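K.L.:
Residue numbers (my numbering): 66 to 299. Have a look at the structure that comes next, please.
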Ligand SMILES: [Zn+2]
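This is the structure we're talking about:
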């Protein structure tokens, strides 16, 4: 019976166990309205982004009048829920439970090429004196390597940017075609930024394979967006 209940969002136990943190990676059965309903009575307000595949990071101290443009949000304020939307891209949530700082990051291949997840972790230490070795990271569902075929130019652009390109696997069937491991590339960048392997958690579901998730690659322009969120309660 339990299995028949549609899962609204996924979470990782390590963050689930922190009493003042609220987080989740939405499925297709979850949306902004349900998120608002979910947080009713919790004194939380949502901050959304107009995501543009950049390395622009916003530190949120109060709610903006309109959505900012960018791809990562940080806050040390309770009561602010940071939201990033994805459909194949990787959502990354970061937590410093001692300093009480959280971040939500949207990482597609462009953001990954700009090392956005690592930059968000660095911004947490620069702005809030977070120790990177004690940061917790949760990586949400994204398109997995077997399903994420990219053109040669994408791999080339990583090389040109001086980024390791060994997360690209050459296709045996098609020349000039590669399979990109978006999740591992970001995990590697977080480790390079000083996070400990035992502090990086993941929801290992492929958006392309998993019917309950939205996939831009599978559903095209009609694809919805998953709502991923993190915030701190008062
Ligand atoms: Zn897949």
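Backbone N, C-alpha and C fix where the C-beta goes; we use that ideal spot for every residue, glycine too. On a predicted model such as this, the values are computed, not experimentally measured, just so you know.
So what does residue 89 bridge to, in DSSP terms?
P.N.:
As a first step, residue 89 must be located in the chain shown, where it is residue number 24. According to DSSP, residue 89 bridges with 294.
K.L.:
Between the beta-carbon of residue 200 and the beta-carbon of residue 264, is there less than 8 Å?
P.N.:
Position 135 of the chain shown, counting from 1, holds the residue named residue 200. Position 199 of the chain shown, counting from 1, holds the residue named residue 264. Contact: yes.
K.L.:
Within a Cβ cutoff of 7 Å, which residues of the same chain sit near residue 163, ignoring the five residues on either side of it in sequence?
P.N.:
Here residue 163 refers to the residue found at position 98 of the chain shown. Contacts found: 199.
K.L.:
If you follow the alpha helix (DSSP H) that residue 220 is in, where does it begin and where does it stop?
P.N.:
As a first step, residue 220 is located in the chain shown; it is residue number 155 there, counting from the start. Here the alpha helix (DSSP H) through residue 220 covers 217 to 225.
K.L.:
When the Cα atoms are used, what is the spatial distance from residue 93 to residue 290?
P.N.:
Counting from one through the chain shown, the residue named residue 93 turns up at place 28. Counting from one through the chain shown, the residue named residue 290 turns up at place 225. Taking the straight line from one Cα to the other gives about 8 Å.
K.L.:
Residues bridged to residue 145 by DSSP?
P.N.:
Position 80 of the chain shown, counting from 1, holds the residue named residue 145. Residue 145 pairs with 110.
K.L.:
For residue 303, tell me which candidate among 112, 74, 170 has the shortest Cα-Cα distance.
P.N.:
Because residue 303 is not part of the residues shown, which for the chain are 66 to 299, the question remains open.
K.L.:
Less than 8 Å between the beta carbons of residue 157 and residue 140, yes or no?
P.N.:
Working through the chain shown from its first residue, we reach residue 157 at position 92. Working through the chain shown from its first residue, we reach residue 140 at position 75. Not closer than 8 Å, so no.
K.L.:
Run the proximity test for residue 284: is its beta-carbon closer than 7 Å to any non-hydrogen atom belonging to ligand 1?
P.N.:
Looking up residue 284 in the chain shown gives position 219. Every heavy atom of ligand 1 is 7 Å or more from the Cβ of residue 284, so no.
K.L.:
Please state the DSSP three-state secondary structure of residue 266.
P.N.:
The sequence position of residue 266 within the chain shown is 201, counting from 1. Residue 266: strand per DSSP, three-state reduction.
K.L.:
Can you list every residue whose CB sits closer than 7 Å to some heavy atom of ligand 1, going in chain order?
P.N.:
Spelled out in chain order, the answer is 208, 209, 211, 212, 271, 273, 274.
K.L.:
Going by C-alpha distance, which of 260, 168, 188, 215 is nearest residue 197?
P.N.:
Along the chain shown, read from residue 1 onward, the residue named residue 197 stands at position 132. Cα-wise, what sits closest to residue 197 is 260.
K.L.:
Going by the CB atoms, is the gap between residue 232 and residue 246 shorter than 8 Å?
P.N.:
Within the chain shown, residue 246 is the residue found at index 181, counting from 1. Within the chain shown, residue 232 is the residue found at index 167, counting from 1. Against a cut-off of 8 Å, the Cβ pair of residue 232 and residue 246 comes out as a contact.
K.L.:
Going by beta carbon distance, what residues of the same chain come within less than 7 Å of residue 181, once the five residues before and after it are set aside?
P.N.:
Working through the chain shown from its first residue, we reach residue 181 at position 116. Result list for residue 181: 120, 136, 137, 170, 172, in chain order.
K.L.:
CA-CA distance, residue 153 and residue 269?
P.N.:
Numbered from 1 along the chain shown, position 88 holds the residue referred to as residue 153. Numbered from 1 along the chain shown, position 204 holds the residue referred to as residue 269. So the two alpha carbons sit approximately 13 Å from each other.
K.L.:
Can you check which of these residues, 238, 258, 236, is closest to residue 195 by C-alpha distance?
P.N.:
The residue labelled residue 195 in the question sits at position 130 within the chain shown. Residue 195 has its Cα closest to that of 258, out of 238, 258, 236.
K.L.:
Quick one: what does DSSP say residue 286 is sitting in, helix, strand or coil?
P.N.:
Here residue 286 refers to the residue found at position 221 when the chain shown is read from its first residue. Looking at residue 286 - three-state DSSP - the assignment turns out to be helix.
K.L.:
Can you look up residue 150 in the DSSP assignment and give me helix, strand or coil?
P.N.:
Walking along the chain shown from the start, residue 150 turns up at place 85. Of the three classes helix, strand and coil, the one that applies to residue 150 here is strand, per DSSP.
K.L.:
By the 10 Å Cβ neighbour count, where 16 or more other Cβ atoms means buried, how is residue 209 classified, buried or exposed?
P.N.:
For this step, residue 209 is matched to residue 144 along the chain shown. Buried, since its Cβ has 16 or more Cβ neighbours within 10 Å.
K.L.:
What does DSSP give as the partner residues of residue 244 in its beta bridges?
P.N.:
For this step, residue 244 is matched to residue 179 along the chain shown. Looking at the DSSP assignment, residue 244 forms a beta bridge with 214, 234.
K.L.:
Just checking my contact of residue 280 with residue 288 at CB under 8 Å: how many whole Å lie between their CB atoms?
P.N.:
Sequence index remark: in the chain shown, residue 280 carries index 215 (1-based). Sequence index remark: in the chain shown, residue 288 carries index 223 (1-based). Yes, they are in contact, since the Cβ atoms of residue 280 and residue 288 sit about 6 Å apart, within 8 Å.
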